[in-house]
Amino acid sequence: MHRIRNFKLLVGSCRALCAIAMKNALPSKCSKAGEVYGMMEEFLELSRRVSVQTIRGFVQAVHKRIPPIFLEKEFVDLAECTAGNDNVQRNFRSWLRRQQWMKALPPPTTIQVNQVNSKLSEPNFLGLHSIFLIPDWSELNFIIPLECHGDDAEMHKRRSFAICTVASALLGPGIATWDHKLLLSCFDNSAAGESTATEIDCWICWGLVCAAAGVYLDHDWYGRPFSPDYMPDLYAKAGKQIAGPFRFVFAGHKGDQKYLHACYKFENYWTSEEMCRSCAASKNGSSPMGYVHFGLGAQHRSTIYSTADFIRKCGSTPWLAIPGFAVERIWDDWLHIVDLAISPDACASALLELTKSANSPWPARNQELRLELAYQEFAQACKREKVRNRAPPFSLKTLKSTTPGVFATLSQKHLSGAESVVMVKWLRSVTVLFSRANPDRYWLNLAAIFVNLAGMREEMSGYDCALPAEVIRKIETHYYLFRASYNYCAYDACGRSKMLFKLRPKIHRLEHLVYDQTAVTCPLRTSTYGDEDMVGRIKMSAALCHPQGLGLQVLYRYAAYVGARWHRKSLSNEW
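Listed below in structure tokens is the structure:
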């Protein structure tokens, strides 16, 4: 492909030089502009038909047969560079090495043009691929991608439930949670054994394999065949179709970092030296591989793990054995990374900074009163956006400012994802107005944090699955400016010995989400807003069940409610 690109670049350069020659042609050389245009078309046709073996021969042939009117200085200089004049060629190459655009071009090479033309006529020019082996293309109309979500739903009194759901990746927002999220499993973590989660994952993966095959398998995950004595119900279903011609393929796996680590048993985790599952980023801030470094030029960007590297760094897990598994199947979640982690840290730190002195957007006698005024303004912003305000009133205690050795933040137990979005937009307007009145470098960077944090989300809004290339570039720009401003404020706080603007490892996950995931799909599309709503509802149902046989009771309650809901809709013709 590099060779084809070189050939196209050369032909394009010749066409551009022809245009320059036509533009600079004097009336004395040609009486009519139409004749100049006709000569240029003749030259372009010549460049398409000329039969040569190499790019060098192509340039030499063009140089010999080019019409005289095009032998202006610009074209002559380029042609002489390949005509054997060593001095001109050396000077031209020296000039090329100083050009920035040369770094983006592939190295010069020789290409056999005739061989390329013959290859283009072959049906498998791009190489053999399984997609071309599908006997009936209409089968693709019956393929439904599935996304799995899991979460350790925490309750009061140190109780939590492991909940796993599945949904179609084709269904977007605007659909009721009960109508497109299906419950797979639910169990109490405190009552589970060491192998409970792994055993349940094995059967979930077994179900995903059956869904992809379109029929029930005749053996379990470990290869043991079903029989009248072992799993008689599945033995009776073996080989039967599940949903007619429809197939369901595993497309994505999402959840918080704790759940994903429990599923895949990553070697790289927050507690290890290499703390990222996608690259070799280190938690050592003084190292060149530290996760605090950001941007496409960061050193850890050159260590992105392939699927094979990722599998080597995982423990024994059935998820890796699903046919078609790739590291791209694990999706980063915008809700857990940004709305419930980075945004609360930035908002709490900004509120403490904006209210620390009398020169504040909310004038009052002391910081506590200023925070109360700020909370009243935030509550009004939530009311305008029609978002229920659950966050407690702002104070030094709720912002963790009075806790020794703890960074300022807002607890996600009280701040929902929707409130976090409203707070970022609200603080964007507050910090922008304050920085205009106080154009200090610190306040400008503080405003840039929220301008770019909100800008990333606004650029993604309105798109379903795929993002245009120009939108991806804007998101990357917003991210780079956000990280630069956030790091500046964090380093400034460290210099003042203030526990503000925590550089938590999730800020590094945001880098992978922006640079790696946006090229595949829209992060808002794959976020877990609807999944978390489903988890919350199942959690409330689990809390009402007896601990004995809790998982089965939750499944019964879920099936009864959803079945009655669907039956009611079918009777009222709401489908």
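Numbering (my numbering), first residue to last: 96 to 670.
Don't be surprised by glycine CBs; every beta carbon is placed ideally from N, CA and C.
Option in Ala393, Val630, Glu480, Ala421 with minimal Cα separation from Glu74: This structure cannot speak to residue 74, because the chain is shown only from 96 to 670.
Beta strand (DSSP E) segment containing His348, residue limits: Here residue 348 refers to the residue found at position 253 when the sequence shown is read from its first residue. Looking at the DSSP string, the run of the beta strand (DSSP E) that includes His348 is 342-350.
Cβ neighbour criterion (16 or more within 10 Å) applied to His388: Residue mapping note: residue 388 aligns to position 293 of the sequence shown, counting from 1. Looking at its Cβ environment, which holds 16 or more other Cβ atoms inside 10 Å, His388 is buried.
Trp190 classed as buried or exposed, judged by whether at least 16 other C-beta atoms fall within 10 angstroms: Residue numbering aside, residue 190 sits at position 95 when the sequence shown is read from its first letter. Exposed: under 16 other Cβ atoms inside 10 Å.
Reference Thr621; option with closest CA among Lys349, Ile299, Ile238, Tyr386: As a first step, residue 621 must be located in the sequence shown, where it is residue number 526. Nearest option by C-alpha distance: Lys349.
Those runs of the alpha helix (DSSP H) which lie wholly inside the stretch 395-476 and span at least 4 residues: 402-407, 438-449
Between the CA atoms of Arg460 and Gln612 - distance to the nearest angstrom: In the sequence shown, residue 612 corresponds to position 517, counting from 1. In the sequence shown, residue 460 corresponds to position 365, counting from 1. Those two C-alpha atoms are separated by around 47 Å.
Phe361 versus Ala441 - alpha carbon distance: By 1-based counting over the sequence shown, the position of residue 361 is 266. By 1-based counting over the sequence shown, the position of residue 441 is 346. Answer to the nearest angstrom: the Cα atoms are 28 Å apart.
Own chain partners of Phe473 with C-beta closer than 7 Å, once the 5 adjacent residues on each side are dropped: Residue numbering aside, residue 473 sits at position 378 when the sequence shown is read from its first letter. Result list for Phe473: Met518, Trp521, in chain order.
One or two residues paired with Ser263 in a DSSP bridge: Locating residue 263 in the sequence shown gives position 168, where the first residue counts as 1. The partner list for Ser263 (beta bridge, DSSP) reads Leu241.
Whole-angstrom distance between Thr291 and Gln643, CA atom to CA atom: Along the sequence shown, one-based indexing puts residue 643 at 548. Along the sequence shown, one-based indexing puts residue 291 at 196. Approximately 15 Å, taken between the alpha carbons.
Burial state of Phe227, where buried means 16 or more other Cβ atoms lie within 10 Å: In the sequence shown, the residue the question calls residue 227 occupies position 132. In this predicted model, Phe227 has a pLDDT of only 49, less than 50, meaning its place in the structure is not dependable; the value taken from the coordinates is given anyway. Its Cβ having fewer than 16 others within 10 Å, Phe227 is exposed.
Whole-Å CB distance - Leu277 paired with Thr260, under 8 Å assumed: Taking the sequence shown and counting its residues from 1, the one referred to as residue 277 is at position 182. Taking the sequence shown and counting its residues from 1, the one referred to as residue 260 is at position 165. Correct: roughly 6 Å between the Cβ atoms.
Straight-line gap, Lys408 to Arg254 (C-alpha atoms, nearest Å): To locate residue 408, count along the sequence shown from 1; it is residue 313. To locate residue 254, count along the sequence shown from 1; it is residue 159. About 31 Å.
Residue range of the alpha helix (DSSP H) that includes Leu605: The sequence position of residue 605 within the sequence shown is 510, counting from 1. Unbroken alpha helix (DSSP H) run through Leu605: 601-607.
Residue burial classification, Asn236 (beta-carbon count within 10 angstroms, cutoff 16): Counting from one through the sequence shown, the residue named residue 236 turns up at place 141. Flag for Asn236 reads exposed.
Where Gly302 falls: helix, strand or coil (DSSP): Along the sequence shown, read from residue 1 onward, the residue named residue 302 stands at position 207. Helix.
Neighbourhood of Gln398 by C-beta distance below 6 Å, restricted to the same chain and skipping five residues each side: Indexing the sequence shown from 1 puts residue 398 at position 303. Just to set this straight, residue 398 is Thr in the shown sequence, not Gln. Counting only Cβ-Cβ distances below 6 Å, and skipping sequence neighbours, we find Cys374, Ala375.
DSSP bridge partner residues for Cys281 (one or two, in chain order): The sequence position of residue 281 within the sequence shown is 186, counting from 1. Beta-bridge pairing links Cys281 to Ile258.
C-alpha distance - His573 paired with Met551, whole-angstrom precision: Taking the first residue of the sequence shown as position 1, residue 573 is located at position 478. Taking the first residue of the sequence shown as position 1, residue 551 is located at position 456. Their Cα atoms are separated by approximately 6 Å.
Contact check, Cys358 vs Asp315, beta carbons under 8 Å: Numbered from 1 along the sequence shown, position 263 holds the residue referred to as residue 358. Numbered from 1 along the sequence shown, position 220 holds the residue referred to as residue 315. No, they are not a contact pair.
From Glu249, Asp246, Ala264, residue whose alpha carbon lies closest to that of Pro678: Past the edges of the chain, shown from 96 to 670, lies residue 678, and the structure says nothing about it.
Bridge partner(s) assigned by DSSP for Gln336: Along the sequence shown, one-based indexing puts residue 336 at 241. Looking at the DSSP assignment, Gln336 forms a beta bridge with Val310.
Exposed unless 16 or more other CB atoms sit within 10 angstroms - verdict on Asp313: Within the sequence shown, the letter at position 218 stands for residue 313. When all chains shown are included, Asp313 counts as exposed.
N- and C-terminal bounds of the alpha helix (DSSP H) containing Thr272: Reading the sequence shown from its first residue, position 177 is the one you call residue 272. Residues 272-275.
CB of Arg342 within 8 Å of CB of Ile425, strictly: Position 247 of the sequence shown, counting from 1, holds the residue named residue 342. Position 330 of the sequence shown, counting from 1, holds the residue named residue 425. Contact flag unset, no.
Residue range of the unbroken alpha helix (DSSP H) whose run includes His573: In the sequence shown, residue 573 corresponds to position 478, counting from 1. His573 -> alpha helix (DSSP H) spans 564-590.
C-alpha gap between Met594 and Lys353, whole angstroms: Stepping through the sequence shown from its first residue, residue 594 is reached at position 499. Stepping through the sequence shown from its first residue, residue 353 is reached at position 258. Cα to Cα, Met594 sits roughly 25 Å from Lys353.
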